[in-house]
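According to this note's numbering, the sequence shown holds residues 17 to 291 in order. Cβ atoms here follow ideal geometry from the backbone N, Cα and C, with glycine treated the same way. Have a look at the structure below before the remarks.
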Amino acid sequence: MAHPAVIAHRGYAGIAPENTVEAATRAAAHEETAMLEIDVQPAACETPVVIHDERLDGSRDGRPLTDATGLVWETPLEDLQETHVLGTNATVPTLAEFLAAVPETVGVNVELKNPGTTELRVGESLSPAERDQRRELWQPFVERVVADCATFGGDLLFSSFCEGAIAALRAVADYAVAPLVLDDLEAGLEIARRYDCEAIHPPRNAIAGTHLTETASAGVSAGEPEIDVLEVAHAEGRAVNVWTATNWVQFDALAAVGVDGIVADYPGLARDSSD
Numbered sequence: 017m018a019h020p021a022v023i024a025h026r027g028y029a030g031i032a033p034e035n036t037v038e039a040a041t042r043a044a045a046h047e048e049t050a051m052l053e054i055d056v057q058p059a060a061c062e063t064p065v066v067i068h069d070e071r072l073d074g075s076r077d078g079r080p081l082t083d084a085t086g087l088v089w090e091t092p093l094e095d096l097q098e099t100h101v102l103g104t105n106a107t108v109p110t111l112a113e114f115l116a117a118v119p120e121t122v123g124v125n126v127e128l129k130n131p132g133t134t135e136l137r138v139g140e141s142l143s144p145a146e147r148d149q150r151r152e153l154w155q156p157f158v159e160r161v162v163a164d165c166a167t168f169g170g171d172l173l174f175s176s177f178c179e180g181a182i183a184a185l186r187a188v189a190d191y192a193v194a195p196l197v198l199d200d201l202e203a204g205l206e207i208a209r210r211y212d213c214e215a216i217h218p219p220r221n222a223i224a225g226t227h228l229t230e231t232a233s234a235g236v237s238a239g240e241p242e243i244d245v246l247e248v249a250h251a252e253g254r255a256v257n258v259w260t261a262t263n264w265v266q267f268d269a270l271a272a273v274g275v276d277g278i279v280a281d282y283p284g285l286a287r288d289s290s291d
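Here it is, written out as C-alpha cells:
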C-alpha cells in the first residue's frame, strides 16, 4: 500500500455524487484508493443509509444536495432510495447496498454521523455519566450498522466526532475505531486513550510543521497548534489520518510530515499517483 494511504472522501466527492454507489464504484477503480470514507445515519425505519447531511435539502456549491426535503431519519426508506443526489441519477443507498458495491481489496471508513437526533455532542470529551447516556443513545443504531457490515470482507475502520458513538462501537464490536477531531486536540487524544483507539483523525490545519496551520479551517484557528497531535499519537502507537485534502499541495505537505492516511476529495493528488 502506498504511503500515506489515500482515503476517498465520500467516494471522491470532487468527481462523483458523494456517498453513492456510483461514487463507490468509481473510487474503487482507482489503483491508489486504499479506503472509501462514508457517512451513515438511520432512515425512518432505522435502516442505516449513506448520506452526510442531517437534512436532505442541503447544498454543495449552490447545487441542491438532493431533490427531497426534511430530516434523513424522518424520511421513509422507500423515499430515500428514490432520492437523487446532486442532480444525477444516483440515489441515496442503504449501507448494505453501498458495501455490496465495494470490492474487498478496498477498505471502508464508516463515519458514524448521527443516530437520529438534532442534539449531538460533537468533539467533546464527556464525563462518565454523560458517556453512559450517549452510549445508550447510539448503541441501537451502531448495532444495526455493525450487522450490515458483517458480510463485507474488506478492512473496516469506524470513526465519529461523537464519543457516544465510539463508546457504543467498542461495546458491540471489535473493529478499529478513531475519534474525529475538531478544534479540541486534547479532547480527541483523551478519547483515543480512553477507548484504546487504533487511529485519530484531525483536520488538515491541525498538523504541526505544515503551512496548512496558517489558515483557519474546520473550527481550528490559524496558527501553530499547541499540541503536536501527529507526534503524540505516533508515540502512543496510533495512526493519524487527516481530513480533507482538496488539492495536491495540501496532500504533499501532509505526506511530507509523515501522516498515515489522507482523506482526499480527488484521486491523483499523491506524487506517485498512477491516475
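Nearest residue (CA-CA) to residue i, options the options
i: THR262; options: ALA280, ASP73, LEU173; result: ALA280
i: PRO219; options: VAL197, LEU285, GLY277; result: VAL197
i: HIS250; options: SER233, LEU228, GLY277, GLU240; result: GLY277
i: LEU185; options: VAL118, GLU202, ARG160, PHE168; result: ARG160
i: LEU205; options: ILE243, VAL65, ALA271; result: ILE243
i: GLY225; options: SER75, THR85, VAL245; result: VAL245
i: VAL88; options: THR134, LEU52, GLY169; result: THR134
i: GLN155; options: ILE216, GLY284, GLU62, LEU52; result: GLU62
i: ALA214; options: VAL265, SER237, ALA234, ILE182; result: In the sequence as displayed, the identity of residue 214 is Glu instead of Ala. Among VAL265, SER237, ALA234, ILE182, the Cα nearest to that of GLU214 belongs to ILE182.
i: GLY30; options: GLY239, GLU247, GLY284; result: GLY284
i: ARG151; options: ALA163, CYS165, LEU136; result: LEU136
i: ASP291; options: TYR211, ALA192, ALA255, HIS46; result: HIS46
i: ASN257; options: HIS217, HIS100, ALA269; result: HIS217
i: VAL118; options: GLU240, VAL236, THR167, GLY274; result: THR167
i: ASP200; options: PRO92, ARG42, PRO241; result: PRO241
i: VAL236; options: ASN221, TYR191, SER75; result: ASN221
i: ALA272; options: ARG287, THR260, GLN149; result: ARG287
i: ALA163; options: ALA50, ALA232, TYR191, PRO33; result: TYR191
Continuous alpha helix (DSSP H) stretch holding residue i: start and end
i: PRO156; result: 144-165
i: GLU98; result: Premise fails: GLU98 is in no alpha helix (DSSP H) and is neither H nor E.
i: LEU128; result: Element bounds for LEU128: not the alpha helix (DSSP H) but the beta strand (DSSP E), 123-128.
i: ALA251; result: 245-251
i: VAL258; result: Run containing VAL258: none in the alpha helix (DSSP H); it sits in the beta strand (DSSP E), 255-261.
i: LEU285; result: No alpha helix (DSSP H) contains LEU285, which DSSP labels as neither H nor E.
Rounded Cβ spacing between residue i and residue j (contact assumed at less than 8 Å)
i: ALA194; j: LEU173; result: 7 Å
i: GLU127; j: SER176; result: 6 Å
i: GLU90; j: ALA60; result: 6 Å
i: ALA203; j: GLU146; result: Not really, about 13 Å apart at Cβ, beyond 8 Å.
i: ASP83; j: ILE67; result: Not confirmed; about 13 Å, so no contact.
i: GLY169; j: GLU230; result: Their Cβ separation, rounded to whole angstroms, is 42 Å, which puts GLY169 and GLU230 out of contact at 8 Å.
Proximity test, Cβ basis, 8 Å: residue i and chain C
i: THR167; result: The displayed structure is made up of one protein chain only, and chain C is not part of it.
Segment limits, beta strand (DSSP E) that includes residue i
i: ILE207; result: First-last for ILE207: 201-210, but that is the alpha helix (DSSP H), not the beta strand (DSSP E).
| query | Is the stretch 28-39 close to the stretch 94-107, with three or more CB pairs under 8 Å? | reply | Contact between the stretch 28-39 and the stretch 94-107 is present, with at least three C-beta pairs closer than 8 Å.
| Every unbroken alpha helix (DSSP H) inside the stretch 69-120 [4 residues or more] | 93-96, 111-116, all fully within the stretch 69-120.
| query | Which runs of the alpha helix (DSSP H) spanning at least 4 residues fall entirely within the stretch 164-193, listed in chain order? | reply | Complete alpha helix (DSSP H) runs here, min 4: 179-188.
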